[in-house]
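**Student:** I am attaching a structure below and will ask some questions about it afterwards.
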Amino acid sequence: MPDRKALQADMISAHTGPSPGHGMQRDLEVCKLIDTTTCIGCKACEVACAEWNDLPFTPTTFDNTYQTMPQTSYHFWNLIKFNEHQNPDGTIQWLMRKDQCMHCADPGCLAACPADGAIVKYANGIVDFNQENCIGCEFCVSGCPFEIPRFNPMTKKVYKCTLCSDRVGEGLEPACIKACPTGCLKFGSKDDMKFIAGERAKQLRDNFGWQNAGVYDPQSVGGTHVIYVLHDATDPERYGGLPSNPTIPWSYTVWKWLFKPVLGTFALFGFLGVLAHYVTSGPRLAQPEPPGKEKING
Amino acid sequence: MASGAVERFDHKARESFESLGKTTVYRGELLRHPVYTRVLHWAVALFFFLALFTGFGIYLPWLFRWFTPIFGGGPLSRIMHPYFGMAFVFFFGLQALNWLQPMLWTPADSKWMRNIMKVVSGEEKMEPPETGFFNAGQKFQFWEIVGGCVAYLITGIILWAGARTFGRIPVAISYVVHDISALIMLGGIFVHIYLSTIGEPGTFQSMIRGAVSEAWAWTFHPAWYKQITGRDPLQACEDARRQMKS
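As structure tokens, this is what we get:
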């Protein structure tokens, strides 16, 4: 990565016209690789995330697991989800998955957002929230298939993992990557990470007996800039509700960008309609019309 | 349909508002809308437009930069929109109770609707003799707004509390329903404003002063004219025409 390079915007929420800077520079798509098979659940990434992003920690709910809190929050963007999964043969798998923003190539949050510039997708694939433009409507929460955007009721803004866009812009890796002691977190270009993930999945299939091992990079959202290696890629749901087919609601795609402007124009025809009526047919007057105003033609 | 309690409530409200303001009716005029109705109408109108314009900025990306600054920016628009909307639904709810009786649909209204093109083209100078306090077009718009308000309220609460309370899909559905309701009302408001001002001159004062001319009444609401004055509207119109010519 080149040092000190401003991130180029690729997509901007609710922005009409081209994104400034779009296509100005070639940029590598970055990617975070999470190998769930080598995660030991040490939570170093959780701590590093809270440290780097200066997130305050508050008391949380203990739910009889190793999990720090039931779900991510506006001041806790990186959470390892612990799941005890029972296989059909009765054996138990203790699954650990680092949960955070997936940085989709086709972000549902960005599609749903009505505020110009509140959500930006950079050319390197990072999806970032700009809280100064956020209006706090929470449509992004509804648009996201991964339950990632979190609303802060005090500031009335939505927050989530930034993939450490501030660090990446400086040529550094995200904080969670730096903290990982097992090497289960890797960061680099999307192509490299996909290659490494593929090799690891192959290794798991060939040498460790995980016949269904594979890479999680859902194409229903155009692929993601955070990818997982899973023991069983056929059932991502078991890893704390990772959706097997994440989708963006129709309301934020076809409705918002096609039907809204078209139907809004139709509603304006109401105005043109009454104007046309006034011009062509004229007003209806109380009867009888005053003399001198009587019609002299048909 | 209107129960006794609603009647009593409306009656009391009308009476107490009559002591707050007054309606002057001159010779040759009829009282159309009492103070209570007028106050409700303009409260509904005010909050309708406040909710419309705060919602407009959020409705379309192309409108965001135009409409949100009116209310101090996007975040403030978003905070105020639900309160404006609640006030709109509240005042329209009172108006709906106030108008429940005259807005009930009758077979004559269905007939009016079948002949709507004659009204639009201006072929019929006078309303049909069965047209009472409201004509079928007004009733149709009234019930559309009643339905729209119910839709606004349900979907609005879901959107207000958001996906963290109601889940993703209810919010995504409510978003579309809320929009459709707004689009229908947006189309309707042009027709409403047109017909109550330049489209049918003499109508606007009924919501300002509360009184209308007798000629207006026998032209646009003949059955109501007959009910109030006891005179035949067609006969009254003919008499007036003869008087004008002489």
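Protein chains in written order, with our numbering: chain Z, 4 to 301; chain X, -9 to 236. We put the CB at the ideal spot given by N, CA and C, even for glycine. All of these numbers come straight from a predicted model, not from anything done at the bench.
1. Less than 9 Å between the beta carbons of Ile37 of chain Z and Tyr231 of chain Z, yes or no?
2. CA-CA distance, Leu261 of chain Z and Phe43 of chain X?
3. Taking only the alpha-carbon atoms, compute the straight-line gap between Ile148 of chain X and Glu49 of chain Z and give it to the nearest angstrom.
4. Are His106 of chain Z and Leu188 of chain Z close, meaning C-beta to C-beta below 9 Å?
5. So, for Thr68 of chain Z: in the same chain, excluding its five sequence neighbours on each side, which residues have a beta-carbon less than 6 Å away from its beta-carbon?
6. Could you tell me whether the Cβ atoms of Ser186 of chain X and Gly138 of chain X are closer together than 9 Å?
7. Roughly how many angstroms lie between the CA atoms of Ala236 of chain Z and Thr41 of chain Z, to the nearest whole one?
8. Check distances from the C-beta atoms of the region 47 to 61 of chain Z to those of chain X and list, in chain order, the residues that come in under 7 Å.
9. State yes or no: is the beta carbon of His25 of chain Z nearer than 9 Å to at least one beta carbon in chain X?
10. Taking the beta strand (DSSP E) that Gly189 of chain X belongs to, which residues open and close that run?
11. Is there a Cβ from chain Z that is less than 9 Å from the Cβ of Tyr16 of chain X?
12. To the nearest angstrom, report how far apart Asp109 of chain Z and Met103 of chain X are at their CA atoms.
13. Residues in the region 181 to 194 of chain X with C-beta within 7 Å of chain Z's C-beta atoms, listed in sequence order?
14. Give the DSSP bridge partners of Tyr16 of chain X, in chain order.
15. Please name the residue, chosen from X:Ser111, X:Gly11, X:Phe46, X:Trp52, that lies closest to Pro21 of chain Z on a Cα-to-Cα basis.
16. Leaving out five residues on either side along the sequence, give the residues of the same chain with a beta carbon under 7 Å from the beta carbon of Ser237 of chain X.
17. Measure the alpha-carbon distance for Ala86 of chain X versus Val(-4) of chain X and round it to whole angstroms.
18. Grouping DSSP H, G and I as helix and E and B as strand, with all else coil, what is Asp30 of chain Z?
19. In this structure, what does DSSP give as the bridge partners for Thr227 of chain Z?
20. Could you check if Trp56 of chain X is buried or exposed, using at least 16 other CB atoms within 10 Å of its CB as the buried criterion?
21. Only counting the same chain, and skipping five residues up and downstream in sequence, which positions put a Cβ closer than 8 Å to that of Ile16 of chain X?
22. Ignore the nearest five residues each way along the sequence and tell me which others in Leu98 of chain Z's own chain have a CB closer than 6 Å to its CB.
23. Assign Glu87 of chain Z to one of three DSSP states: helix, strand, or coil.
24. With 16 other CB atoms within 10 Å as the buried threshold, where does Thr121 of chain X fall?
25. Any idea which residues DSSP pairs Arg153 of chain Z with across the strands?
26. Chain A partners of Tyr255 of chain Z, CB-CB under 9 Å?
27. Could you check what DSSP says for Phe122 of chain Z in three-state terms: helix, strand or coil?
28. Evaluate Leu176 of chain X with the Cβ neighbour count: other Cβ atoms within 10 Å of its Cβ, from every protein chain shown; 16 or more gives buried, anything less gives exposed.
29. Whole angstroms is fine: what's the gap from His280 of chain Z's alpha carbon to Val140 of chain X's?
30. Report the rounded CA-to-CA distance for Lys259 of chain Z versus Gln290 of chain Z, giving the unit in angstroms.
31. Does the separation of the CB atoms of Ala178 of chain Z and Asn56 of chain Z fall below 9 Å?
32. Thinking C-alpha only, which one of X:Phe210, X:Ser236, X:Arg231, X:Arg232 is nearest Glu114 of chain X?
33. Please list, in chain order, the chain X residues whose beta carbon lies closer than 8 Å to that of Lys159 of chain Z.
34. Between the C-alpha atoms of Tyr219 of chain Z and Leu271 of chain Z, what's the straight-line distance to the nearest angstrom?
35. Could you pull out every residue in the same chain whose Cβ sits closer than 7 Å to the Cβ of Cys137 of chain Z, ignoring the five residues on either side in sequence?
36. Using a Cβ-Cβ distance cut-off of 9 Å, determine whether Cys140 of chain Z contacts chain X.
**Tutor:** Reading it off the structure:
1. yes
2. 21 Å
3. 33 Å
4. no
5. Phe85
6. no
7. 15 Å
8. none
9. no
10. Per DSSP, Gly189 of chain X belongs to no beta strand (DSSP E) and is neither H nor E.
11. no
12. 48 Å
13. Val181, Tyr184, Ile188, Gly189, Glu190, Pro191, Gly192
14. Beta-bridge pairing links Tyr16 of chain X to no other residue.
15. X:Trp52
16. Residue 237 of chain X cannot be examined here, being either before or after the span of chain X that is shown, -9 to 236.
17. 11 Å
18. coil
19. Z:Cys107
20. exposed
21. One detail in the question is off: residue 16 of chain X reads as Tyr in this sequence, not Ile. If we look at Tyr16 of chain X and ignore the five residues flanking it on each side, its Cβ neighbours are Ala201.
22. Asn86, His88, Tyr242
23. strand
24. buried
25. Z:Tyr162
26. Protein chains in the displayed structure are Z and X, and chain A is not among them.
27. The residue asked about is misnamed: residue 122 of chain Z is Ile in this sequence, not Phe. Note: Ile122 of chain Z maps to strand in three-state DSSP.
28. buried
29. 31 Å
30. 48 Å
31. yes
32. X:Phe210
33. Pro65, Ile69
34. 46 Å
35. Ala118, Ala121, Lys160, Val161
36. yes
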